[in-house]
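Residue numbers (the UniProt record's numbering): 1 to 717.
(1) In terms of DSSP beta bridges, what is residue 32 paired with?
(2) Going by alpha carbons, who is nearest to residue 467 out of 403, 451, 413?
(3) Can you tell me whether residue 442 is buried or exposed? The criterion is at least 16 other CB atoms within 10 Å of its CB, across all chains shown.
(4) Do residue 79 and residue 113 have their C-beta atoms within less than 8 Å of each other?
(5) Along the chain, where does the alpha helix (DSSP H) that runs through residue 286 open and close?
(6) Look at the alpha carbon of residue 363 and the alpha carbon of residue 396, and state the distance between them as a whole number of angstroms.
(7) Going by DSSP, name the residue or residues bridged to residue 55.
(8) Assign residue 458 to one of three DSSP states: helix, strand, or coil.
(9) Find the nearest neighbour of residue 212 within the set 195, 203, 223, judged by alpha-carbon distance.
(10) Kindly list the residues whose CB is nearer than 6 Å to the CB of residue 51, restricted to its own chain and excluding five residues on each side of it in sequence; keep chain order.
(11) Is residue 557 helix, strand or coil when you go by DSSP?
(12) What is the residue span of the alpha helix (DSSP H) that residue 607 lies within?
(13) Say whether the segment 232-252 touches the segment 425-432, bearing in mind that this needs 3 or more beta-carbon pairs closer than 8 Å, one atom from each stretch.
(14) If you drop the 5 nearest sequence neighbours on each side, which residues of the same chain put their C-beta closer than 7 Å to that of residue 302?
(15) Any chance you could list the alpha helix (DSSP H) runs of at least 4 consecutive residues sitting entirely within the segment 395-437, in chain order?
(16) Measuring straight from C-alpha to C-alpha, what distance separates residue 500 and residue 447?
(17) May I have the straight-line CA-CA distance separating residue 589 from residue 602, to the nearest angstrom?
(18) Using a Cβ distance threshold of 8 Å, determine whether the segment 631-641 contacts the segment 333-344, with at least three qualifying pairs required.
(19) Can you grab the Cα-Cα spacing for the pair residue 526 / residue 594, in whole Å?
(20) Going by DSSP, what residue range makes up the alpha helix (DSSP H) through residue 447?
(21) Can you round the beta-carbon distance between residue 139 and residue 98 to whole angstroms, since I take them to be within the 8 Å contact cut?
(22) Could you check if residue 15 is buried or exposed, using at least 16 other CB atoms within 10 Å of its CB as the buried criterion?
(23) Assuming residue 452 and residue 406 form a contact by the criterion Cβ under 8 Å, report the distance between their Cβ atoms to the nearest whole angstrom.
(24) Quick one: measure Cβ to Cβ for residue 419 and residue 292, integer angstroms, because I've assumed they're closer than 8 Å.
(25) Indicate the three-state DSSP secondary structure (helix, strand or coil) for residue 14 in the structure shown.
(26) Taking residue 465 as the reference, which of 247, 621, 401, 324 has the closest Cα?
(27) From residue 177 to residue 249, what distance separates their C-alpha atoms?
(28) How long is the line joining the alpha carbons of residue 379 and residue 390, rounded to whole angstroms?
(29) How do the segment 89-105 and the segment 39-48 stand: do at least 3 beta-carbon pairs fall below 8 Å, yes or no?
(30) Tell me which residue opens and which closes the beta strand (DSSP E) that residue 88 is part of.
(31) How would you label residue 437, buried or exposed, when you count the other beta carbons within 10 angstroms and need 16 or more for buried?
(32) For residue 186, does the three-state DSSP call read helix, strand or coil?
(33) Buried or exposed for residue 267, going by 16 or more other Cβ atoms inside 10 Å?
(34) So, residue 307 versus residue 118, is the Cβ gap smaller than 8 Å?
(35) Starting from residue 174, trace the beta strand (DSSP E) in both directions and tell me its first and last residue.
(36) Along the alpha helix (DSSP H) that carries residue 248, what are the first and last residues, could you check?
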């Protein structure tokens with residue numbers, strides 16, 4: 001049965017941003033909402049611009065169904081070209097990956113997005129010429145290699161009016177003064193200095209214009225090897241110990257060059273091991289952490305669990321959820337990265353030892369570890385402006401290759417790796433374990449991850465400060481000449497109005513530390529899918545058997561027989577680390593002091609909001625963390641309005657509070673998909689928890705579970 005909404009008669013045109021051009025379009029395209037085999041959906045127009053792919057139906061023009069958490073740049077049915085992951089065509093019910101020139105055009109188009117949305121478009125009712133144009137256009141503009149200046153970033157910057165946006169208290173670290181202020185804030189100015197040696201990029205194009213080094217390091221040393229072998233300051237601890245990073249020398253060198261470089265390094269180490277510096281510990285991250293290729297492979301497997309075409313696929317993977325999740329190795333990588341950060345924290349906090357992180361370019365895993373250490377040790381980095389300043393310092397100005405790692409230009413897949421996404425996943429672990437310690441919410445982190453693929457902000461679209469500076473000069477349509485004025489992602493008003501921005505701020509943020517009242521236990525909402533791996537010991541052989549084998553695998557776990565991977569005996573932390581870790585966790589939490597994540601076994605969880613938000617089958621009806629947040633924000637709105645009544649004597653001043661937060665008063669309409677999507681009512685599949693014995697007793701006949709479905713729609717109307 002096909003549920004069809006009649007084709008729209010009125011013309012619906014896309015909303016175009018400044019500099020955005022319509023490239024191709026197709027009418028009478030049918031967009032599926034696939035659930036349980038029924039082909040519900042709606043007719044509309046599919047368009048491709050130099051910024052996005054958009055589906056326009058009659059609902060697009062109305063504000064009746066406008067979501068409360070609306071993005072002003074990206075609509076519900078919009079996909080930026082950089083957000084397209086893979087495109088498949090369906091030929092005679094068979095899926096085929098679409099690349100390059102096509103000889104035959106598909107009857108159905110499936111677009112997988114990097115934010116894990118899946119769009120299904122039926123082209124059977126579309127004119128053949130329009131099908132050719134739209135399919136070819138989408139593939140060409142989203143999948144083929146392009147030049148940097150062909151990014152929409154430049155079109156928007158040249159056509160948009162001159163934006164005078166505020167910095168929102170985010171320190172950009174593009175001036176010498178910013179670095180000196182940071183040194184003063186962390187009391188690191190006694191031992192370290194901000195240098196201007198790289199002005200004009202005469203040292204290296206990979207280094208920022210300004211950075212901080214130990215006072216004893218000379219300008220000649222910095223210039224000698226283009227900045228390689230020089231310890232660059234990241235942050236200073238309250239006890240004087242500092243976190244440093246270093247770009248390593250290439251490993252394959254001739255003997256004479258290697259000896260010279262070794263002698264140079266020895267001289268540097270001796271210099272910074274003398275007073276007023278503490279002891280120095282070096283850590284080569286390329287040998288102690290997974291490689292970028294391992295991280296990319298793990299994430300590629302992991303995201304496949306959430307790129308769900310339809311309900312059938314969801315329930316098929318649900319019965320093997322634990323084994324599939326474990327086989328990706330993604331949660332294990334997160335655990336290893338957090339463990340490494342805790343080891344660094346121990347050196348700084350307890351041993352009062354400087355830590356020097358070493359990596360080939362010092363712009364990937366160095367950024368992850370240094371950022372995590374600061375989030376754990378510095379409460380300023382747990383505020384919104386502090387965290388944004390941290391990203392600017394360590395990632396944007398620090399020279400992380402966003403352009404290559406996100407593969408925005410589709411030049412080569414070899415450089416692609418979700419390094420920044422790995423950081424956000426690790427920070428989310430801390431946010432969900434210690435909510436009162438953070439001024440921002442998990443929704444903020446989710447939106448930040450989405451912003452990686454919005455090419456109107458320069459923040460995540462350059463490999464270095466040098467690349468941005470050299471590409472800033474250009475011609476503007478308004479002034480005929482002059483530099484581009486790029487937006488920064490930290491100006492959230494570009495994407496969200498004040499009401500939506502309220503979801504980014506944590507109403508339960510602990511403004512002042514109250515250690516005596518701190519409670520270590522945070523409420524945990526059970527999900528239909530267990531979001532962490534069971535407590536396990538040594539790695540078992542992965543089972544890829546039939547249904548019975550997979551459910552037996554789960555039953556053994558539920559009965560307490562340990563399977564899978566925990567902290568292997570060979571990977572057991574040193575005694576000093578375990579002592580430090582256990583000692584901290586035995587004491588009350590100071591939300592404005594040191595924070596250590598729990599990393600044992602099931603404590604490492606799946607970031608449910610980011611990965612499950614588009615899957616109706618995985619929603620918690622009227623539940624999830626959003627249910628709590630909704631009630632808190634409702635209460636805040638009421639308190640705000642009462643405050644206005646108390647402060648203002650005249651009734652005219654009471655009428656409107658622009659910062660009031662509009663919430664859905666009926667909690668039955670909320671689900672764990674909120675605020676990114678409203679409650680989905682069409683699903684006729686039951687909840688199938690994988691964590692209870694009851695759901696495993698009858699595993700052989702999933703079809704019968706349709707009878708267990710409880711229709712909630714009548715209660716919600």
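Glycine is no exception: its CB is placed at the ideal position from the N, C-alpha and C atoms.
The structure says:
(1) Locating residue 32 in the chain shown gives position 32, counting from the first residue. DSSP, once it has assigned bridges, lists 41 as partnering residue 32.
(2) Taking the chain shown and counting its residues from 1, the one referred to as residue 467 is at position 467. The candidate whose alpha carbon is nearest that of residue 467 is 403.
(3) Taking the chain shown and counting its residues from 1, the one referred to as residue 442 is at position 442. When all chains shown are included, residue 442 counts as buried.
(4) Against the chain shown, residue 79 aligns to sequence position 79. Against the chain shown, residue 113 aligns to sequence position 113. Going by C-beta atoms, residue 79 is nearer than 8 Å to residue 113.
(5) Looking up residue 286 in the chain shown gives position 286. Where residue 286 is concerned, the enclosing alpha helix (DSSP H) stretches over 285-288.
(6) Mapped onto the chain shown, residue 363 falls at position 363. Mapped onto the chain shown, residue 396 falls at position 396. About 10 Å.
(7) By one-based count along the chain shown, residue 55 stands at place 55. According to DSSP, residue 55 bridges with 46.
(8) As a working note, residue 458 is residue 458 in the chain shown. The answer is coil: DSSP assigns residue 458 none of H, G, I, E or B.
(9) Numbered from its first residue, the chain shown carries residue 212 at position 212. For the options 195, 203, 223, the alpha carbon positioned closest to that of residue 212 is the one of 195.
(10) The residue you call residue 51 lines up with position 51 of the chain shown. Hits under 6 Å: 20, 152.
(11) By one-based count along the chain shown, residue 557 stands at place 557. Annotation note: pLDDT 38 at residue 557 (below 50); position unreliable, coordinate value reported separately. Correct three-state label for residue 557: helix.
(12) Indexing the chain shown from 1 puts residue 607 at position 607. No alpha helix (DSSP H) holds residue 607; DSSP gives it neither H nor E.
(13) no
(14) Here the question's residue 302 lines up with position 302 in the chain shown. The residues are 328, 330.
(15) 402-405, 419-433
(16) In the chain shown, residue 500 corresponds to position 500, counting from 1. In the chain shown, residue 447 corresponds to position 447, counting from 1. Approximately 11 Å, taken between the alpha carbons.
(17) Counting from one through the chain shown, the residue named residue 589 turns up at place 589. Counting from one through the chain shown, the residue named residue 602 turns up at place 602. Going from the Cα of residue 589 to the Cα of residue 602 covers about 20 Å.
(18) no
(19) Counting from one through the chain shown, the residue named residue 526 turns up at place 526. Counting from one through the chain shown, the residue named residue 594 turns up at place 594. Confidence at residue 526 is low in this model, with a pLDDT of 39, below 50, so its placement is unreliable and no value can be given for it.
(20) Walking along the chain shown from the start, residue 447 turns up at place 447. From DSSP, the alpha helix (DSSP H) with residue 447 extends over 442-450.
(21) The residue given as residue 139 occupies position 139 in the chain shown. The residue given as residue 98 occupies position 98 in the chain shown. About 6 Å separates the two Cβ atoms, so the contact holds.
(22) The residue labelled residue 15 in the question sits at position 15 within the chain shown. Flag for residue 15 reads exposed.
(23) By one-based count along the chain shown, residue 452 stands at place 452. By one-based count along the chain shown, residue 406 stands at place 406. Between residue 406 and residue 452 the Cβ distance is about 6 Å, and since that is below 8 Å, they are a contact.
(24) On the chain shown, residue 419 is found 419 positions in, with the first residue counted as 1. On the chain shown, residue 292 is found 292 positions in, with the first residue counted as 1. Right, their Cβ atoms sit about 7 Å apart.
(25) Here the question's residue 14 lines up with position 14 in the chain shown. Shown here, residue 14 sits in coil according to DSSP, grouped into three states, outside any helix or strand.
(26) For this step, residue 465 is matched to residue 465 along the chain shown. Nearest option by C-alpha distance: 401.
(27) Translated into positions along the chain shown, residue 177 becomes position 177. Translated into positions along the chain shown, residue 249 becomes position 249. So the alpha carbons of these two residues sit roughly 30 Å apart.
(28) Working through the chain shown from its first residue, we reach residue 379 at position 379. Working through the chain shown from its first residue, we reach residue 390 at position 390. Approximately 12 Å, taken between the alpha carbons.
(29) no
(30) In the chain shown, residue 88 corresponds to position 88, counting from 1. Its beta strand (DSSP E) spans residues 84-91.
(31) Start at 1 with the first residue of the chain shown, and residue 437 comes out as number 437. Buried is the call here.
(32) By 1-based counting over the chain shown, the position of residue 186 is 186. Correct three-state label for residue 186: coil.
(33) The sequence position of residue 267 within the chain shown is 267, counting from 1. By the Cβ neighbour-count rule, residue 267 is exposed, with fewer than 16 other Cβ atoms within 10 Å of its own.
(34) Locating residue 307 in the chain shown gives position 307, counting from the first residue. Locating residue 118 in the chain shown gives position 118, counting from the first residue. The answer is yes: Cβ separation under 8 Å.
(35) Against the chain shown, residue 174 aligns to sequence position 174. For residue 174, there is no enclosing beta strand (DSSP E), since its DSSP letter is neither H nor E.
(36) Numbered from its first residue, the chain shown carries residue 248 at position 248. Unbroken run through residue 248: none, as it is neither H nor E.
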